Amino acid sequence: MDQPLILDRYRPLTELATGGFGEVTLAYDTRMQRRVAIKRLPFPHDRSGHPVTPAGLAEARTAALLNHPSIVTVYEWDTDDDEAFIIMEYVDGASLADLLDAYRGPLDDDEAAAVIEAVASALEFAHDNGVLHLDIKPENVLITRDGRVKVTDFGVATLSAASGHGPAVGGTLGYMPLEQLRTERVDERTDVWAFGALAFEILTNANPFVADSIEGAIFKAEIVEPPAAGEFEPSIPPAIDHILAAALETHRTDRYSGVTEFANRLLDHLGDASAGRESLADAIALHFAESDDSAGGGFDTLGLWDRLAPRSGAATRATAALLSAWLAWAGALPLGFGTAAAAAVAGLVALAAVLAPGLGTGLALLVLCAGIGAGASWPLAAALAAIGTAVWLAAGRRDSGVLAALVAPPLGVAHLAPTAPLLAGFALSPLRAALLGGFGATLTMLASAASGGEAPYLLVASRWLTDPIGLRAPDATISALLTSSAALAPIVAWGLAAAAMSLACRRASRPAAVLGAFLGTAALYGGYALADAIARLGNTSATWSGQSLLPHVTASLILIVLVIAAGPPVRGEEE
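Numbering (my numbering), first residue to last: 174 to 748.
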């Protein structure tokens, strides 16, 4: 079953990790059409069980928003009543912890150089911007499939500690120096110690500082002499032992003053970082091929509309151009300009629709109304132009939204006109969907009447597609529609159906969309029933509901359910 969007934007795909800090979810950004990783950090609760916004939230947010090639990008940071959401780039690869587990041994000198160089660069940038990491560990060092190294979770240690999810000032046992374990003042040298512990593990695949409790970690840090890296990996030269030991001094005043000084001394004894990145890329491909989900990464669970979203712009422009050209052609012919001139007008309007779909559809409506005035009725053309302009200004000038109304008459040819308001609600915000739904009803009824249709004016003759203006119904048919007070009820019903569908689709899930489809269908039936009642009160012979309505609405409901089955709705940012 589809899950509701996170922050009304991100579709959950799968869980990447869980722990005491909360959980990390792989999600799909429905606006930017990309995968993201969302870290969710629950807030602590007071004695009465109510969530409490932790202190340090602003500081943690600032720390997370660092922009550096070796730091995982944070796109957005938001909160609700009981948790914080950190929206980050999805790093397609593995953590250093995963790689060390797969190796069952240390990295080679080139790979170690690549990791240490990148981590040092990230930490130095953070320190220059007044940010401490406070939780440097293999799990927070990510390696992409092309061998690039990125550090993640800046600011999370601070927030985790403030939220009651981490010991001391955040951090992880085995990667915290004495001052952090004792919750004393921390500074850049705190990260130097953690970086030293990370480098020790990179070169030996061992961490002798891990403990089961804070007390045990304090005992190891204060009493036990740190072992030399060479005791775990005999190939390590004594010079590296001394460099690591200086970074892992118990008292901060005895450590390197910054991560760059420590890294530079260590890199002098390691290999080629560039070659290391290539080797890391090969290692990721080799050790994680069996669990490779780069082709999907949860992407396979997306619906069709999410998958097509990156290509929707071109498809929308093409549809707008085709429909606008057809309407402009139909409107230009009755003006007496000749076939060549009409074709030129259609071409220019189509070009406008390609460049700006909203502009193209607006121009097409104006040309069509001019053609209706010249070939049929100027009062009708003026009224339609006024209504169309108002709807276009309110709901269609910025994009191709007017297409939701313009496709209604062609759908009427296929006995599917009521699908138009449901599709509008599937894709648009409630207000826009309602306006365009009502406008679509107006266009459909006029097209039906012009092609000789009768109430409820849902069926449009197929020959109308080739000549929507030149095809004239008896004046009595159009007059009956224009003078019928019952005609207002279907227009309102289409708007209500579109709005109901849109409101249900705000959850961006299939079950909610199906519910919206049935609510919209009920609104349509109610509107046409009201129209029929109004017609009967007026002692007219027009039949606005009953058996004539059933095939159209039933077929439309089946079609919209198939659309929903193909994928949950993709909703843009709403007003």
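All C-beta atoms, glycine included, are put in the ideal place defined by N, C-alpha and C.
Model, not experiment: these values are computed from the prediction.
For the stretch 191–277, the full-length beta strand (DSSP E) segments reaching 3 residues or more read 195–202, 207–215, 247–252, 256–262 and 266–268 along the chain.
According to the DSSP secondary-structure assignment, residue 701 is paired through a beta bridge with no residue. A check of alpha carbon separations from residue 436 across 453, 417, 426 and 449 identifies 417 as the nearest. The continuous alpha helix (DSSP H) containing residue 371 extends over residues 361–377. Short of 8 Å from the beta carbon of residue 737, and not among the five residues preceding or following it, lie these beta carbons of its own chain, in chain order: 599, 683, 686, 687 and 690. Secondary structure note for residue 323: its beta strand (DSSP E) is the uninterrupted segment 322–324.
Excluding the 5 residues flanking it on each side, residue 716 has same chain C-beta neighbours closer than 7 Å at 628 and 705, in chain order.
When secondary structure is reduced to three states using DSSP, residue 314 falls in the strand class. With contacts defined by Cβ atoms closer than 9 Å, residue 294 and residue 361 do not form a contacting pair. Where residue 404 is concerned, there is no enclosing alpha helix (DSSP H), because DSSP gives it neither an H nor an E. Comparing alpha-carbon positions, the option among 693, 198 and 392 lying closest to residue 726 turns out to be 693.
In this structure, 254 is the residue among 206, 654 and 254 with its C-alpha nearest to the C-alpha of residue 217. Within the DSSP bridge table, the entry for residue 184 names 201 as partners. Of the candidates 423, 322 and 321, 423 places its Cα closest to the Cα of residue 350. Of 223, 264 and 235, the smallest CA-CA separation from residue 211 is found for 264. Selection 188, 668 and 311 evaluated against residue 699 yields 668 as nearest (Cα-Cα).
Closest by C-alpha distance to residue 607, out of 617, 594 and 458, is 594.
By the Cβ rule, the stretch 631–640 does not count as touching the stretch 531–543, because fewer than three pairs are nearer than 8 Å. Look at residue 396 here: in three-state DSSP terms it is coil, with no helix or strand label. DSSP links residue 457 through a beta bridge to no other residue. Here the alpha carbon of residue 493 sits roughly 22 Å from the alpha carbon of residue 512. In this structure, the alpha-carbon of residue 187 lies about 39 Å from that of residue 393.
Relative to residue 408, the option among 433, 376, 420 and 427 whose CA is nearest is 376. Here the stretch 540–548 makes no contact with the stretch 574–581; the two share fewer than three CB pairs at distances below 8 Å. In the structure shown, the three-state DSSP call for residue 387 is helix. Look at the beta carbons and you see the stretch 294–311 not touching the stretch 444–456: under three pairs across the two are nearer than 8 Å. With a cutoff of 9 Å on beta-carbon distance, residue 587 and residue 613 are scored as not near each other. Non-local beta-carbon contacts of residue 257 in its own chain, meaning distances under 6 Å to residues more than five positions away in sequence, involve 214 in chain order. In this structure, DSSP gives residue 413 a helical state, which the three-state scheme calls helix. Closest option to residue 697, judged by alpha-carbon separation, among 658, 522, 247 and 610: 610. Checking the DSSP bridge columns, you'll see residue 179 partnered with 183. Shown here for residue 234: same chain residues with a beta carbon closer than 7 Å to its own, the five before and five after excluded, namely 250 and 328 in chain order. In the structure shown, residue 496 adopts helical secondary structure according to DSSP, grouped into three states. Closest option to residue 300, judged by alpha-carbon separation, among 287, 432 and 313: 432.
Comparing C-alpha distances from residue 568 to each of 313, 604, 498 and 722 shows the shortest one belongs to 604. Burial check for residue 385: the Cβ neighbour count within 10 Å stays below 16, so the residue is exposed.
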